[in-house]
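In our numbering, the protein residues as written are 1 to 469.
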């Protein structure tokens, strides 16, 4: 920590390397408005800084929850800012305060060529700075020395708090963990969960949705709102789509003010919608031909709980290079990330996933009824069958929910029906017999006809309870 010019990044990288930890550059988390103000020589207010500090605190908390440490650079000029980080990180947070003379700081800032911070703002930062003094878990180091000597002094001070350099020379490197600029288009149930997870892991998230209330809920968590899809694309390196239908995806990408209007070869579109494989392949080819921007289809499994926990299963379709590039984002969202083949292959795999899910949801609902009819507590079934051939994640996650008639949303019946209709169309085209799936499709259609399309799959229990005719 310290004012601009104190060497936070260089010293932070050196300390991270010696500790075998990742490093995050705090300045990369500044919202676009903050960067524009500082570039114009306008000092930031506390209201400007709170969302930035919250993003950095979330990144520190995420690293702690994942069981590894993180070294971050941040000015943290006031005690209130440091307390905000302490609270946001949720764990024991150590500070290294890099202190130096005005003349030395001014000279170092003048030497920088590509940073948005102008030398004229140094005086305002020094006026704002509240020295950490007797605050706990703070080490103060003078910067009038080479970087390696500053790091030596910092680690010597940190040693008093139990911090030790990494002894494994093979691990003494630093992973430069830059915040990723991601647009999320579509703030429905899944899109909101995806955006929330990315915000909580310290990414720079810009959202667009026609529903302003959904956007407001995400901006309250730290996202930025875009006035159009084109604007969201322009300010981001990755564009995630979470939409309900191929026609909507096509309009969002190629319509007025869409992705294509701001597309460029260095950006990547990640479509996490569930749509027809042929439509996906056609749109991916068109976007690449017209703009150079590549397309990776990444439908998901795991629902809202999986997204919020970063435990989604992602089945991808596209080029291997784009698949690897997307790991920058996907590592925050998923536990299982697999390239299934060329464009559209991810969507085909999602259809197979939906076949399993739809049939198993119906099987779970029927098993609940059978258990109840036989005087067996259906909530005891998952533990009793765990590890056996009948075990499945759907049974473990949903049987208790179905038994309790818990209709809280984890997905939508009409979205499942949309996927099942695509599955049947694909089966018809390829002349693939799916007799059991056909029965489950009609049950979903019956639920939608009864007005339950927007509701959770647990509504199947109403049908079996005789409450839907």
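The beta-carbon is built from N, C-alpha and C at its ideal position, and this holds for glycine as well.
In terms of DSSP beta bridges, what is residue 211 paired with? None, per the DSSP bridge assignment.
Would you mind giving the Cβ-Cβ distance between residue 322 and residue 296, rounded to the nearest angstrom? I have them listed as a contact below 8 Å. 5 Å
Distance between residue 375 and residue 324 (C-alpha atoms, nearest Å): 51 Å
Exposed or buried, what is residue 436 when buried is set at 16 or more other beta-carbons lying within 10 Å of its beta-carbon? exposed
So does the stretch 199–208 actually touch the stretch 217–226, counting three or more Cβ pairs closer than 8 Å? yes
Pull up the DSSP beta-bridge partners for residue 70, would you. 22
Taking DSSP as the reference, what is the three-state secondary structure of residue 270? strand
Should residue 352 be labelled buried (16 or more other beta-carbon atoms within 10 Å of its own) or exposed? exposed
Buried or exposed for residue 389, going by 16 or more other Cβ atoms inside 10 Å? exposed
Out of curiosity, what's the CA-to-CA distance linking residue 144 and residue 17? 21 Å
Using the three-state DSSP reduction, which class does residue 169 fall into: helix, strand or coil? For residue 169, the predicted structure reports a pLDDT of 47, less than 50, and the residue's modelled location is therefore unreliable. A value from the coordinates is still provided. Correct three-state label for residue 169: helix.
Taking the straight line between their C-alpha atoms, what separation do you get for residue 176 and residue 311? With a pLDDT of 43 at residue 176, under the threshold of 50, the modelled position of this residue cannot be trusted, and the question is left open.
Where residue 190 and residue 403 are concerned, what is the direct C-alpha to C-alpha distance, given to the nearest angstrom? 24 Å
Kindly indicate which three-state DSSP category residue 464 falls into: helix, strand or coil? helix
What does the Cβ neighbour count give for residue 327, buried or exposed, with the cut at 16 atoms within 10 Å? exposed
Output the boundary residues of the beta strand (DSSP E) element that contains residue 337. 334–341
Comparing C-alpha positions only, which one of 258, 125 and 141 sits nearest to residue 41? 125
Taking the alpha-carbon of residue 248 as reference, which of 401, 179 and 283 has the nearest alpha-carbon? 283
Can a CB atom of chain B be found closer than 8 Å to the CB of residue 27? As a matter of chain content, chain B is missing from the structure shown, which is built from one protein chain.
By alpha-carbon positions, which one of 349, 413 and 421 ends up nearest to residue 450? 413
Nearest-angstrom Cα distance between residue 314 and residue 135? 45 Å
Which residue or residues does DSSP assign as beta-bridge partners of residue 225? 207
According to DSSP, is residue 407 part of a helix, a strand, or is it coil? coil
Stretch-stretch touch, CB-based, cutoff 8 Å, three pairs: the stretch 19–38 with the stretch 156–168: yes
What do you get for residue 298, buried or exposed, if any count of 16 or more other CB atoms within 10 angstroms of its CB means buried? buried
For the alpha helix (DSSP H) holding residue 314, just list the boundary residues, first then last. First-last for residue 314: 312–317, but that is the beta strand (DSSP E), not the alpha helix (DSSP H).
Verify the contact flag: residue 368, CB atom, against every heavy atom of the ligand MG, threshold strictly below 7 Å. With respect to the ligand MG, the structure shown offers nothing to examine, as it has no ligands at all.
Among all the DSSP beta bridges, which residues are the ones paired with residue 241? 185 and 271
Relative to the alpha-carbon of residue 231, which residue among 250, 220, 242 and 256 has its alpha-carbon at the smallest distance? 256
Over what stretch of residues does the beta strand (DSSP E) that includes residue 140 continue unbroken? 138–142
Determine the direct distance from the alpha carbon of residue 179 to that of residue 140, and round the result to whole angstroms. 27 Å
Could you tell me whether the stretch 423–441 touches the stretch 382–397, using the rule of 3 or more Cβ pairs below 8 Å? no
Assuming residue 60 contacts residue 72 under a Cβ cut-off of 8 Å, what Cβ separation, rounded to an integer in Å, is found between them? 6 Å
Ignore the nearest five residues each way along the sequence and tell me which others in residue 172's own chain have a CB closer than 7 Å to its CB. Residue confidence is low: residue 172 scores 41 on pLDDT, short of 50, so the model does not pin down where it sits. Its coordinate-derived value is still stated next. Once the five neighbours on either side are set aside, the close Cβ partners of residue 172 are 17, 18, 20 and 166.
Rounded to a whole number of angstroms, what is the C-alpha to C-alpha distance between residue 94 and residue 377? 50 Å
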